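J.: Quick note, the sequences are listed as chains A and B, same order.
Read the first sequence against the numbering used here and you will find it ends at 752, with the numbers running on by one and no gaps.
Read the second sequence against the numbering used here and you will find it ends at 752, with the numbers running on by one and no gaps.
The beta carbon of each residue, even a glycine, is placed where N, CA and C say it ideally should be.
Here the structure is a predicted model, which is why all the values come from computation and not from measurement.
There are 2 protein chains.
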Amino acid sequence: MAPATRERVLAAIEELGYMPDLTARSLRLKRTNTITVFVPDIVNPFFGLLLTGAQDEALQAGYDLLIYHTGGHRELERKALQLALSGRADAMIGVPYDLERADLKPLTLRGIPTAMLARASELDPDRTSGIDLVDVPSEAAAVMLVEHLVARGHTRIAIINGRAGTPPQINRENGYRQVLLRHGIPIDEGLIYNGDFDESTGYTRMVEVLARPDRPTAVFAATDSIAIGAMIASREAGVRIPEQIAIGGIDDIPAARLVSPALTTVNQHHDQLGRELVRLVLSRLHDPHPGPGRTVTGRFDLMVREST
Amino acid sequence: MAPATRERVLAAIEELGYMPDLTARSLRLKRTNTITVFVPDIVNPFFGLLLTGAQDEALQAGYDLLIYHTGGHRELERKALQLALSGRADAMIGVPYDLERADLKPLTLRGIPTAMLARASELDPDRTSGIDLVDVPSEAAAVMLVEHLVARGHTRIAIINGRAGTPPQINRENGYRQVLLRHGIPIDEGLIYNGDFDESTGYTRMVEVLARPDRPTAVFAATDSIAIGAMIASREAGVRIPEQIAIGGIDDIPAARLVSPALTTVNQHHDQLGRELVRLVLSRLHDPHPGPGRTVTGRFDLMVREST
DNA sequence: TTGAAAGCGCTAACAG
DNA sequence: CTGTTAGCGCTTTCAA
Numbered sequence: 445m446a447p448a449t450r451e452r453v454l455a456a457i458e459e460l461g462y463m464p465d466l467t468a469r470s471l472r473l474k475r476t477n478t479i480t481v482f483v484p485d486i487v488n489p490f491f492g493l494l495l496t497g498a499q500d501e502a503l504q505a506g507y508d509l510l511i512y513h514t515g516g517h518r519e520l521e522r523k524a525l526q527l528a529l530s531g532r533a534d535a536m537i538g539v540p541y542d543l544e545r546a547d548l549k550p551l552t553l554r555g556i557p558t559a560m561l562a563r564a565s566e567l568d569p570d571r572t573s574g575i576d577l578v579d580v581p582s583e584a585a586a587v588m589l590v591e592h593l594v595a596r597g598h599t600r601i602a603i604i605n606g607r608a609g610t611p612p613q614i615n616r617e618n619g620y621r622q623v624l625l626r627h628g629i630p631i632d633e634g635l636i637y638n639g640d641f642d643e644s645t646g647y648t649r650m651v652e653v654l655a656r657p658d659r660p661t662a663v664f665a666a667t668d669s670i671a672i673g674a675m676i677a678s679r680e681a682g683v684r685i686p687e688q689i690a691i692g693g694i695d696d697i698p699a700a701r702l703v704s705p706a707l708t709t710v711n712q713h714h715d716q717l718g719r720e721l722v723r724l725v726l727s728r729l730h731d732p733h734p735g736p737g738r739t740v741t742g743r744f745d746l747m748v749r750e751s752t
Numbered sequence: 445m446a447p448a449t450r451e452r453v454l455a456a457i458e459e460l461g462y463m464p465d466l467t468a469r470s471l472r473l474k475r476t477n478t479i480t481v482f483v484p485d486i487v488n489p490f491f492g493l494l495l496t497g498a499q500d501e502a503l504q505a506g507y508d509l510l511i512y513h514t515g516g517h518r519e520l521e522r523k524a525l526q527l528a529l530s531g532r533a534d535a536m537i538g539v540p541y542d543l544e545r546a547d548l549k550p551l552t553l554r555g556i557p558t559a560m561l562a563r564a565s566e567l568d569p570d571r572t573s574g575i576d577l578v579d580v581p582s583e584a585a586a587v588m589l590v591e592h593l594v595a596r597g598h599t600r601i602a603i604i605n606g607r608a609g610t611p612p613q614i615n616r617e618n619g620y621r622q623v624l625l626r627h628g629i630p631i632d633e634g635l636i637y638n639g640d641f642d643e644s645t646g647y648t649r650m651v652e653v654l655a656r657p658d659r660p661t662a663v664f665a666a667t668d669s670i671a672i673g674a675m676i677a678s679r680e681a682g683v684r685i686p687e688q689i690a691i692g693g694i695d696d697i698p699a700a701r702l703v704s705p706a707l708t709t710v711n712q713h714h715d716q717l718g719r720e721l722v723r724l725v726l727s728r729l730h731d732p733h734p735g736p737g738r739t740v741t742g743r744f745d746l747m748v749r750e751s752t
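Below is the structure:
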């Protein structure tokens with residue numbers, strides 16, 4: 445092509461704002477350069493950090509990350525999966541709250557790289573589905589925190605947990621029960637509270653906890669947001685932390701270090717979880733061997749601070 | 445078609461997991477049934493609530509909402525716009541931190557419904573671009589809060605603000621200056637602090653504020669997250685709120701009501717802002733008359749609580 | 001090196 | 001009512 449013509453074409457592109465139609469390109473190439481991720485709660489900083497890590501990893505590999513908010517509702521989780529099934533995304537990652545194994549089957553059948561933040565035991569016990577899993581250490585994190593409380597001498601420990609029936613709620617309660625059982629501490633079902641994974645639940649449930657005649661000496665909050673709500677309720681009631689009641693959370697959100705007393709919690713390295721999810725699908729995108737589903741277990745660390 | 449045949453086809457669909465290819469459908473129909481929204485900060489609860497409202501509105505109208513996280517970087521904001529330009533979304537909404545009017549021009553040229561959360565004066569002073577705007581009352585909200593502080597008798601008021609150069613930072617500082625000017629209160633540039641829109645900034649900047657020999661009697665925090673960080677720093681320093689220092693924020697995030705003392709703040713009705721953005725593009729989607737750009741001004745309310 | 005044509009999977013229009 | 005066909009905008013292949 446003559447350089448002059450070339451110039452004029454480029455000028456016209458600029459002038460008219462021409463931009464290749466990605467829909468047509470995708471149809472032709474069977475590839476969108478897009479990864480879709482669904483999360484149950486866009487307001488929760490836990491998922492915000494996970495998404496930030498995931499996006500960073502995706503962008504570096506030349507993929508766009510599109511986020512779909514499900515609220516943890518199965519119907520919307522299924523809609524998210526359909527985005528990949530119908531060719532709108534090359535790979536699917538997400539945090540399922542209400543999906544069954546069967547829901548994911550069509551993805552693996554069609555060879556769409558899929559990675560979920562979930563425990564194998566929930567979603568795919570025998571690991572034959574071919575989806576990759578990042579095993580979120582939800583239960584182990586709970587065990588670690590409650591063990592810490594027991595080691596501090598607590599035997600009456602309440603748990604303020606999130607939405608009943610969701611994987612994190614179930615796992616954390618399981619971890620809680622495990623530790624008490626192991627130490628021969630009787631489980632008082634009245635000390636088990638559920639609600640949502642937010643400050644407001646922490647606050648209102650803590651008011652109830654503090655009103656008990658047989659008040660516990662420690663509270664295991666399922667998330668730092670819950671813990672912070674509980675700390676506010678304690679302070680208002682004039683109950684000193686940790687002298688009169690100890691409080692521990694899970695997540696290590698940025699605010700955990702800032703509250704006073706600083707919150708003892710378990711850091712789950714959210715951004716790394718997001719990165720790992722993206723890495724898993726990227727490896728299948730680059731090397732389309734089907735291969736069996738891999739499982740990566742997230743790391744976590746107990747952050748002992750002042751609240752316990 | 446014979447009912448039996450119909451049965452068999454449906455069975456085959458089920459069996460093979462057939463699903464129509466949305467890429468092909470989109471190419472044919474020139475329509476994706478998708479709205480894309482970009483936000484500068486997915487961790488900030490402000491945007492979480494905005495997105496929740498937006499998604500609810502979009503789903504009700506039969507559209508999927510896909511979220512793109514920009515971090516407020518122009519390069520990623522442009523990438524988000526390209527998703528709509530290249531046919532991957534029917535409409536574009538977003539919260540620009542670093543876009544110029546020229547960046548949005550191609551969208552209106554191609555008739556893509558576009559609504560931004562921004563002030564007209566920033567993005568489109570003479571309103572000829574044809575994009576719809578939700579005018580976020582950032583500056584007016586700042587005015588309202590600082591007026592409240594002045595009415596309470598404060599004349600030495602610090603401002604702890606977010607990322608320098610971003611629209612909310614600029615607007616809030618403008619509002620702050622306006623009020624002081626109006627009341628003939630001299631502006632001490634040393635009382636103007638910037639950082640990020642988060643707790644950590646509130647904490648570290650407040651430590652500096654409290655260390656001043658000429659300590660102010662009130663602090664205007666640009667967001668509730670900043671305010672909460674500042675409150676924690678005050679409590680640690682043994683400085684009582686509001687007796688020794690008053691603190692007010694903007695946003696009315698859920699935690700604002702829970703902290704103690706409860707935070708005085710300005711509720712911007714985030715979810716409504718999100719809903720309004722979606723409604724604006726939906727109306728153009730349903731009625732493709734070009735029409736001039738509309739401006740909707742967000743409502744806001746001063747929530748006087750205990751911290752001022 | 002340049003140009004023409006086929007085809008990705010769908011829907012709408014049209015013919016039978 | 002059913003069946004066929006054209007064509008959305010792109011990329012790739014093949015021919016000139």
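1) In the DSSP assignment, find the beta strand (DSSP E) that holds E579 (chain A) and state where it starts and stops.
2) Run through the DSSP bridge pairs and tell me what N615 (chain A) is partnered with.
3) I'd like to know whether the C-beta of M463 (chain A) is nearer than 7 Å to at least one C-beta of chain B.
4) Give me, in chain order, the residues of the same chain whose beta-carbon lies closer than 6 Å to that of E583 (chain B); leave out the 5 immediate sequence neighbours on both sides.
5) Can you round the beta-carbon distance between V587 (chain B) and A562 (chain B) to whole angstroms, since I take them to be within the 8 Å contact cut?
6) Going along chain B, which residues have a C-beta under 7 Å from D642 (chain A)?
7) Which same chain residues, not among the five before or five after D668 (chain A), have their C-beta less than 8 Å away from its C-beta?
8) Anything in the segment 525 to 545 of chain A with a Cβ closer than 9 Å to a Cβ of chain B? List those residues in chain order, please.
9) Bridge partners for H513 (chain B) per DSSP, in chain order?
10) Going by C-alpha to C-alpha distance, which of B:G646, B:M536, B:L593 sits closest to T752 (chain B)?
11) What separation, rounded to the nearest whole angstrom, lies between the Cα atoms of L729 (chain B) and E652 (chain B)?
12) Please check if any C-beta of chain A sits within less than 7 Å of the C-beta of L726 (chain B).
13) Going along chain A, which residues have a C-beta under 8 Å from Y620 (chain B)?
14) Would you say P550 (chain B) lies against chain A (beta-carbon separation less than 7 Å)?
15) Please list the segments of the alpha helix (DSSP H) lying wholly inside the segment 657 to 702 of chain B, counting only runs of 4 or more residues, in order along the chain.
16) Residues of chain A with a CB under 7 Å from the CB of H598 (chain B): which are they?
17) At a CB-CB cut-off below 7 Å, which residues of chain A make contact with G673 (chain B)?
18) Please classify R719 (chain B) as buried or exposed, where buried requires at least 16 neighbouring CB atoms within 10 angstroms.
19) On a Cα-Cα basis, can you pick out the residue from A:L721, A:H733, A:H714 that is closest to D745 (chain A)?
20) Rounding to the nearest angstrom, what Cα-Cα distance links T739 (chain A) and M536 (chain A) in this structure?
21) Look up I457 (chain B) in the DSSP assignment and say whether it is helix, strand or coil.
22) Going by DSSP, what residues sit across from Y637 (chain B) in a beta bridge?
23) Between B:E633, B:A498, B:T558, B:F490, which has its C-alpha nearest P612 (chain B)'s C-alpha?
24) Only counting the same chain, and skipping five residues up and downstream in sequence, which positions put a Cβ closer than 7 Å to that of I520 (chain A)?
25) I need the boundaries of the beta strand (DSSP E) containing D745 (chain A), first residue and last residue.
26) Between the C-alpha atoms of H598 (chain A) and G606 (chain A), what's the straight-line distance to the nearest angstrom?
27) I want to verify the contact list: residues of chain A whose CB lies under 7 Å from the CB of R679 (chain B), in sequence order.
28) Exposed or buried, P686 (chain A), counting other C-beta atoms within 10 Å across all chains shown (16 or more means buried)?
29) To be precise: take each residue of the segment 459 to 483 of chain A, compare its Cβ to all Cβ atoms of chain B, and keep it if any distance is under 9 Å. Which residues remain?
30) Could you tell me which chain B residues have their CB closer than 7 Å to the CB of G492 (chain A), listed as they occur along the chain?
31) Can you pull the chain B residues whose beta carbon is under 7 Å from the beta carbon of L553 (chain A), in chain order?
32) According to a CB-to-CB cut-off of less than 9 Å, which residues of the segment 490 to 519 of chain A neighbour chain B?
33) Have a look at the DSSP bridge pairing and note the partners of M560 (chain A).
34) With 7 Å set as the bound, which would you pick, yes or no: does the beta-carbon of I457 (chain A) sit closer than that to a beta-carbon of chain B?
35) Whose CA, out of B:H517, B:A666, B:T476, lies closest to the CA of E643 (chain B)?
36) So, with DSSP's three-state summary, where would you put T476 (chain A)?
T.: So, from the listed chains and residues:
1) Translated into positions along the first sequence, residue 579 (chain A) becomes position 135. One point to set straight first is that residue 579 (chain A) is Asp, not Glu, in the sequence displayed. Secondary structure note for D579 (chain A): its beta strand (DSSP E) is the uninterrupted segment 576 to 579.
2) Translated into positions along the first sequence, residue 615 (chain A) becomes position 171. Bridge pairing for N615 (chain A): absent [DSSP].
3) Taking the first sequence and counting its residues from 1, the one referred to as residue 463 (chain A) is at position 19. Chain B contact via Cβ: present.
4) Within the second sequence, numbered from 1, the residue matching residue 583 (chain B) stands at position 139. Cβ neighbours of E583 (chain B) beyond the five flanking positions: N615, N618, G619.
5) Walking along the second sequence from the start, residue 587 (chain B) turns up at place 143. Walking along the second sequence from the start, residue 562 (chain B) turns up at place 118. The pair is not a contact, with the Cβ atoms about 18 Å apart (cut-off 8 Å).
6) Position 198 of the first sequence, counted from the start, is the residue given in the question as residue 642 (chain A). Taking a Cβ-Cβ cut-off of 7 Å, the neighbours of D642 (chain A) in chain B comprise P698, given in sequence order.
7) Here the question's residue 668 (chain A) lines up with position 224 in the first sequence. Excluding sequence neighbours, D668 (chain A) sits near G693, I694, D695, D696, I697, A699, A700, L707, T709.
8) Hits within the stretch, in order: Q526, L527, L529, S530, G531, R532.
9) Sequence index remark: in the second sequence, residue 513 (chain B) carries index 69 (1-based). B:V483, per the DSSP bridge assignment.
10) Here residue 752 (chain B) refers to the residue found at position 308 when the second sequence is read from its first residue. If we check each option's Cα against that of T752 (chain B), B:L593 comes out closest.
11) Here the question's residue 729 (chain B) lines up with position 285 in the second sequence. Here the question's residue 652 (chain B) lines up with position 208 in the second sequence. L729 (chain B) and E652 (chain B) have their alpha carbons spaced roughly 50 Å apart.
12) For the purposes of this step, residue 726 (chain B) is taken as the residue at position 282 of the second sequence. Chain A contact via Cβ: absent.
13) Residue 620 (chain B) sits at position 176 when you count from the first residue of the second sequence. Contact of Y620 (chain B) with chain A by beta-carbon distance below 8 Å is absent, the smallest such distance being about 24 Å.
14) If you number the second sequence from 1, residue 550 (chain B) lands on position 106. Among the CB atoms of chain A, one or more fall inside 7 Å of the CB of P550 (chain B).
15) DSSP runs (the alpha helix (DSSP H)) wholly in the segment 657 to 702 of chain B: 668 to 680, 698 to 702.
16) Within the second sequence, numbered from 1, the residue matching residue 598 (chain B) stands at position 154. Those do not exist, as H598 (chain B) stays about 25 Å from chain A at its closest Cβ, beyond 7 Å.
17) Counted from its first residue, the second sequence places residue 673 (chain B) at position 229. Result: L702.
18) Sequence index remark: in the second sequence, residue 719 (chain B) carries index 275 (1-based). Counting Cβ neighbours within 10 Å, R719 (chain B) comes out buried, since at least 16 surround it.
19) Start at 1 with the first residue of the first sequence, and residue 745 (chain A) comes out as number 301. Of A:L721, A:H733, A:H714, the residue nearest in Cα terms is A:H714.
20) Taking the first sequence and counting its residues from 1, the one referred to as residue 739 (chain A) is at position 295. Taking the first sequence and counting its residues from 1, the one referred to as residue 536 (chain A) is at position 92. Computed Cα separation, rounded: 16 Å.
21) Residue mapping note: residue 457 (chain B) aligns to position 13 of the second sequence, counting from 1. In the structure shown, the three-state DSSP call for I457 (chain B) is helix.
22) For the purposes of this step, residue 637 (chain B) is taken as the residue at position 193 of the second sequence. Residue pairing from DSSP places Y637 (chain B) in a beta bridge opposite B:I604.
23) Counted from its first residue, the second sequence places residue 612 (chain B) at position 168. Measuring from the Cα of P612 (chain B), the nearest candidate turns out to be B:F490.
24) Position 76 of the first sequence, counted from the first residue, corresponds to residue 520 (chain A). The question names Ile, yet the displayed sequence has Leu at residue 520 (chain A). Here L520 (chain A) has T514 as same chain residues with Cβ atoms under 7 Å from its own Cβ, once five neighbours each way along the sequence are excluded.
25) As a position in the first sequence, residue 745 (chain A) is number 301, starting the count at 1. Element bounds for D745 (chain A): 745 to 747.
26) If you number the first sequence from 1, residue 598 (chain A) lands on position 154. If you number the first sequence from 1, residue 606 (chain A) lands on position 162. So the alpha carbons of these two residues sit roughly 22 Å apart.
27) By one-based count along the second sequence, residue 679 (chain B) stands at place 235. Under the 7 Å cutoff, chain A gives S704.
28) The residue labelled residue 686 (chain A) in the question sits at position 242 within the first sequence. By the C-beta density criterion, P686 (chain A) is buried, having at least 16 other C-beta atoms within 10 angstroms.
29) Within the segment 459 to 483 of chain A, the residues whose Cβ lies closer than 9 Å to some Cβ of chain B are L460, G461, M463, P464, D465, L466, T467, A468, R469, S470, L471, K474, T476, T478, T480, listed in chain order.
30) Here residue 492 (chain A) refers to the residue found at position 48 of the first sequence. When 7 Å is used as the limit between beta carbons, G492 (chain A) is near these residues of chain B: I486, V487, in chain order.
31) Taking the first residue of the first sequence as 1, we reach residue 553 (chain A) at position 109. Going along chain B in sequence order, the residues near L553 (chain A) (Cβ under 7 Å) are G461.
32) Answer in chain order: F491, G492, L493, L495, T496, Q499, L503, D508, L509, L510, I511, Y512, H513, G515.
33) One-based indexing of the first sequence puts residue 560 (chain A) at position 116. Looking at the DSSP output, M560 (chain A) bridges to A:G538, A:L577.
34) For the purposes of this step, residue 457 (chain A) is identified with residue 13 of the first sequence, where counting begins at 1. With 7 Å as the cut-off, I457 (chain A) does not count as an interface residue toward chain B.
35) Looking up residue 643 (chain B) in the second sequence gives position 199. Comparing Cα-Cα distances from E643 (chain B) to each of B:H517, B:A666, B:T476, the minimum goes to B:A666.
36) Sequence index remark: in the first sequence, residue 476 (chain A) carries index 32 (1-based). Annotated three-state conformation of T476 (chain A) is coil, per DSSP.
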